[in-house]
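Working notes, beginning with the structure itself.
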């Protein structure tokens, strides 16, 4: 049976548009997530960044791959309904953890999260992927924005470094980063309460405005994989890099590094 947080229309929207909002997905886990974010910011990991960019104001902190050292994150990953909801959205029997990601925009942070697709940064490919983006504070203007149907584009978008703007790879196999507002694309966004979550496919183009409010905008993201997700080589370094993984083209991700949350 489908998880009670979902309807058949939600699943259809996710498959069609590559994105849907799930109300209250992490509503019962906010204390743990907020404590985890505080711990993460107090003791950043090796991939942490403040996204310093000339001319921008405020602080945009992000960090990822910390669930193994931040117990609050692991607790939420293993006890929240996220894996069960992901299975229904992806139409997958199994659900495997890829990684976690924290994104905090302090009040007065002008820097936008650039438009991008997550998939080209990752060393994983498959139709069955989902990322949950959940605010821990009420959001309106600084909410996540997603381009409907972009997960079905034939050519992926070139991955770039957020602060510097330079490309990760040779741009030949990729299309340039578009400007969805200027190009009249269908952009979906929602006002969200703490614990709501936007669920989107790894190849859905998305971004977020700066935080011009007087409140923090803390967000927790969780990236999950389904049955058909496999390791793939990229033409350059990936983000996250996961050095020393020793996986080969076409393999399922190793379960000792990427635990199965829901067996098939």
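In the numbering used here, the protein residues as written are 20 to 283.
Note that beta-carbon positions come from the ideal geometry of N, C-alpha and C, so glycine has one too.
Once you ignore the five residues that flank residue 70 on each side, which residues in its own chain have a CB closer than 7 Å to its CB? Take residue 70, set aside five residues on each side of it, and the residues of its chain with a beta-carbon closer than 7 Å to its own are 79, 81, 130, 181, 182, in chain order.
Proximal residues to residue 103 (C-beta, below 6 Å), its chain only, five neighbours per side dropped: Contacts found: 22.
Touch test, the segment 239-250 against the segment 116-130, Cβ-Cβ under 8 Å, three pairs minimum: By the Cβ test, the segment 239-250 is in contact with the segment 116-130, since at least three Cβ pairs between them sit closer than 8 Å.
Residue burial classification, residue 126 (beta-carbon count within 10 angstroms, cutoff 16): Exposed, because fewer than 16 other Cβ atoms sit within 10 Å of the Cβ of residue 126.
On the criterion of 16 or more Cβ atoms from any shown chain inside 10 Å, does residue 3 qualify as buried, or is it exposed? Nothing about residue 3 can be reported from this structure: the residues present for the chain run from 20 to 283 only.
Taking DSSP as the reference, what is the three-state secondary structure of residue 52? If DSSP states are grouped into helix, strand and coil, residue 52 belongs with the helices.
DSSP three-state assignment for residue 89, whether helix, strand or coil: Taken through DSSP and simplified to helix, strand or coil, residue 89 comes out as coil.
Contained beta strand (DSSP E) runs [length at least 3] in the segment 107-164, N- to C-terminal order: The qualifying runs are 114-124, 132-135, 148-154.
Buried or exposed for residue 230, going by 16 or more other Cβ atoms inside 10 Å? In the assembly as shown, residue 230 is a buried residue. Its beta-carbon has 16 or more other beta-carbons within 10 Å.
Report the option in 202, 264, 283 whose CA atom is closest to the CA atom of residue 277. Ranking 202, 264, 283 by CA distance to the CA of residue 277 puts 264 first.
According to DSSP, residues forming a beta bridge with residue 179: Beta-bridge annotation (DSSP): residue 179 is paired with 186.
For the beta strand (DSSP E) that residue 24 lies in, which residues bound it at each end? Under the DSSP assignment, residue 24 falls outside any beta strand (DSSP E); it carries neither an H nor an E label.
Start-to-end residues for the beta strand (DSSP E) that takes in residue 236: Residue 236 -> beta strand (DSSP E) spans 236-244.
What first and last residue would you give for the beta strand (DSSP E) that runs through residue 82? Going by DSSP, residue 82 is part of the beta strand (DSSP E) stretching over 79-83.
Just tell me which of 201, 207, 137 has its CA closest to the CA of residue 162. When only C-alpha atoms are compared, the closest one is 207.
By Cβ distance below 8 Å, which residues in the same chain neighbour residue 189 in space, the five residues on each side in sequence not counted? Excluding positions up to five away in sequence, the list reads 254, 255.
Assigned exposure category for residue 20 - 16 Cβ within 10 Å defines buried: Classification of residue 20: exposed, given that the 10 Å Cβ count is below 16.
Out of 199, 194, 106, 63, which has the shortest C-alpha to C-alpha gap to residue 149? Nearest of 199, 194, 106, 63 to residue 149, Cα basis: 106.
Contact between the segment 164-178 and the segment 191-200: three or more CB pairs below 8 Å? Taking 8 Å as the limit for Cβ pairs, the verdict is that the segment 191-200 does touch the segment 164-178.
May I ask you to list the residues that DSSP assigns as paired with residue 279? Note: residue 279 sits in a beta bridge opposite 115.
Can you tell me whether residue 196 is helix, strand or coil according to DSSP? Coil, per DSSP.
Pairing CB atoms from the segment 141-156 with CB atoms from the segment 208-219, are three or more of them under 8 Å? Counting Cβ pairs under 8 Å, three or more are found: they touch.
Return helix, strand or coil for residue 258, following the three-state DSSP convention. Three-state DSSP puts residue 258 in coil, outside helix and strand.
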